[in-house]
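Here the structure comes first, spelled out in C-alpha cells, and everything after it is commentary.
2 protein chains.
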Amino acid sequence: MRVAIVLFERFTALDAVGPYEVLSRLPGSEVVFVSTRRGPVRTDVGSLATVADAELAEVSEPDIVLVPGGPGQSDQMTDGPLHEWLRAVDQTSSWTTSVCTGSLVLAAAGLLNGRRATTHWLAMDQLGALGAIPTAERFVLDGKYVTGAGVSAGIDMALRLVGEIAGEDLAKTIQLGIEYDPRPPHDAGSAATAPAEIVERLRANSRHLLT
Amino acid sequence: MRVAIVLFERFTALDAVGPYEVLSRLPGSEVVFVSTRRGPVRTDVGSLATVADAELAEVSEPDIVLVPGGPGQSDQMTDGPLHEWLRAVDQTSSWTTSVCTGSLVLAAAGLLNGRRATTHWLAMDQLGALGAIPTAERFVLDGKYVTGAGVSAGIDMALRLVGEIAGEDLAKTIQLGIEYDPRPPHDAGSAATAPAEIVERLRANSRHLLT
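So the protein lines, in turn, are chains A and B.
Each residue of the first sequence is one higher than the last, beginning at 249 in the working numbering.
Each residue of the second sequence is one higher than the last, beginning at 249 in the working numbering.
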C-alpha cells in the first residue's frame, strides 16, 4: 500500500498527521508526503513545518491519495499542477481521500461530481456548490472516494479505511496502539452539540477563511 | 503563552501534533518546536520529518513545555543536554507536560518523583520504576505536571489545559474548530475495551520498544 499525502502552504497539521499516524501502521505501507516542490511546508499557524520528501511528478500510482485541508486550501482551488496530478493518480488509486476542506480541492479538481462527501462543518455549502452531495457525517465512503469531516475526523476515517483494506482486527490493533480512547473534556465537537453562541462566533470569525 | 514542544529522532508524530493543533489556537500563544539541533527530525515510522526551528539553548522560560513519546524515547533516558534543559525550563514553567512515553523522559530527568502521572498503557510499569505514581487515566494533572496517556491522548490533555489556562468557553471553541467529535469505528482504544488477544499480541510485539 503506497500512501501519498499532499502538503501545501497553510495546511492544517492534524488533517494530515492524524491519518498518517494510522495509515503508516498498516503493515507494508509506504507513506510519502508530496507537494509541488520538495522541502519544508508550513502549516496554517506557521509554527510547524513538515517536510515534503517528493514532488508531485515523482509520485505516480499511489494506492491511497489523501488531501488535507486548512486555510491554504483556498490557494489550491484553480486548475493547475495539483489538480492535474490528482486527476492522474485518481485513475489508478484504490482510495482517493480527503480530510476537512481537502474535499473542496478534490471537488474543484472534478473528482467528487455527484458523489456523497463531507468536509469541515463550516464548509458544507461550498462543497455542494462544487458539485458534490454534502453529507453531514464523521466520514463518508462513496465507492473509493472517502472524505472526512473537520481536522480530527481524519483519525476516525483512517481507522475505517484500515478496516476496509486489512480487516477489523488490524484496525482495532492500530487503535489500541495509538490508545485512541477519546475522552474530550467537553461535548462541544460538533455544531449540534456545542453551545449556540460558540457556533455562531466561529461561523462569523471563519467566514474570511472560506471564500 | 510560549509553548515549547520537544522533538527527538523517532518520536511519534501525533504525540506532538495533536496538542500542537490545540495549543497553537490559544490566542496569543507562540509555539516553537525545539530539539538538540535545528532542522528536520524524523518520526518513528520514518516517512515524516517535522522541523525543529530552535535548539534547546535558544529556548528559555517557555510557559508550557511538552515532551512527546515514541520509540526514540529510549534514547532520551540518560542524563545530558535534554534532561538539563528540561530541569532548567521546569524552574519557571507554568506547565510541564508530556504525551505517551514522554513522561518516561520527564521522570528520568527527575521531574516526576512521587507525582501522579500517566503514559502509554504499555509503559506503566516503567513509569513506576522511575519514581512516579502510575495512574491509569486519560490524562493526569498533579499540580503543574500534566501527563497524557498514549499518542492520541494529547488532544484531550491539551483541551483540558486550554480550559485551565483560558477557560472552558475557549476550550469548547477550539474543540469545535477542530471538529473534535470523535467517532472511532471500534471500541478498542484501551486495554480494558480491546479484545484480549489483541492486547496480548501488542504487548508481546512491543516489548523490544520499551526497555
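C-beta atoms are modelled at their ideal positions from N, C-alpha and C, and glycine is treated no differently.
Scanning B:Gly317, B:Arg290, B:Val254 for the CA closest to the CA of Pro329 of chain B turns up B:Val254. Uninterrupted beta strand (DSSP E) stretches at least 3 residues long and entirely within the segment 378-425 of chain A occur at 387-390, 393-396, given in chain order.
Collapsing the DSSP output to three states places Glu278 of chain A in a strand.
Against His331 of chain B, chain A offers no close residue; the least beta-carbon distance is about 24 Å (beta-carbon pairs closer than 7 Å). For the segment 424-446 of chain B, residues whose beta-carbon sits nearer than 9 Å to a beta-carbon of chain A comprise Leu424, Gly425, Ile426, Glu427, Tyr428, Asp429, Pro430, Arg431, Pro432, Pro433, His434, Asp435, Ala436, Gly437, Ser438, Ala439, Ala440, Thr441, Ala442, Pro443, Glu445, Ile446.
Per DSSP, Pro432 of chain B lies in no alpha helix (DSSP H) segment and is marked neither H nor E. Here the C-alpha atom of Ser400 of chain A lies approximately 33 Å from the C-alpha atom of Leu378 of chain B.
Counting along the chain, Leu314 of chain A sits inside the beta strand (DSSP E) bounded by residues 312-315. Per DSSP, the continuous beta strand (DSSP E) segment holding Arg250 of chain B begins and ends at 250-254. Between the segment 268-286 of chain B and the segment 400-417 of chain B there are three or more inter-stretch CB-CB distances shorter than 8 Å, so the stretches are counted as touching.
A distance below 6 Å between beta-carbons, with the five flanking residues on each side excluded, links Glu278 of chain A to the following residues of its chain, in chain order: Arg250. Per DSSP, Gly266 of chain B is one residue of the alpha helix (DSSP H) stretching across 261-271. When DSSP states are grouped into helix, strand and coil, Ala444 of chain B belongs to the helix group. For the 9 Å CB-CB criterion, Asp429 of chain B and Thr441 of chain A form a contact. Here the alpha carbons of Ala336 of chain B and Gly358 of chain B stand approximately 12 Å from one another. Of all residues in the segment 284-310 of chain A, only Pro288, Val293, Ser295, Leu296, Ala297, Thr298, Val299 place a beta-carbon less than 7 Å from a beta-carbon of chain B. Cβ proximity to chain A below 8 Å picks out Thr260, Ala261, Leu262, Val265, Gly266, Tyr268, Glu269 from the segment 258-271 of chain B. By the criterion of a C-beta distance shorter than 7 Å, Trp333 of chain A is surrounded in its chain by Leu304, once the five residues flanking it on both sides are discounted. Annotation for Arg290 of chain B: the continuous beta strand (DSSP E) segment containing it runs 287-290.
Proximity of chain A to Asp404 of chain B at the Cβ level (cut-off 8 Å) is accounted for by Pro430, Arg431, Pro432, Pro433, in chain order. Chain order gives the chain A residues near Val399 of chain B as Glu269, Gly425, Ile426, Glu427, Tyr428, where near means a beta carbon separation below 9 Å. Interface residue (Cβ-Cβ distance to chain A less than 9 Å): Gly411 of chain B is classified as such. Using a CB distance cut-off of 9 Å, Arg273 of chain B counts as an interface residue toward chain A. The beta-carbon distance between Thr367 of chain A and Leu352 of chain A, rounded to whole angstroms, is 6 Å. This is short enough to meet the 8 Å contact definition. Residue ranges of uninterrupted alpha helix (DSSP H) with 4 or more members, entirely inside the segment 337-381 of chain A and ordered along the chain, are 350-356, 372-377. For Asp327 of chain A, the closest Cβ of chain B is not nearer than 9 Å. Rounded to the nearest angstrom, the Cβ distance from Ser346 of chain A to Val315 of chain A is 4 Å, consistent with a contact under 8 Å.
DSSP places Glu257 of chain B outside both helix and strand once states are collapsed to three, so it counts as coil. Contacts with chain A at 9 Å (Cβ-Cβ) do not include Trp343 of chain B. Excluding the 5 residues flanking it on each side, Asp435 of chain B has same chain C-beta neighbours closer than 7 Å at Thr441, in chain order. Thr260 of chain A sits buried, since 16 or more C-beta atoms from the chains shown fall within 10 Å of its C-beta.
DSSP, reduced to helix, strand and coil, places Ala439 of chain B outside both helices and strands of the structure shown, so it counts as coil. Contacts with chain A at 9 Å (Cβ-Cβ) do not include Leu352 of chain B. Any Cβ of chain A closer than 9 Å to the Cβ of Asp390 of chain B would place that residue at the interface, and such an atom is absent.
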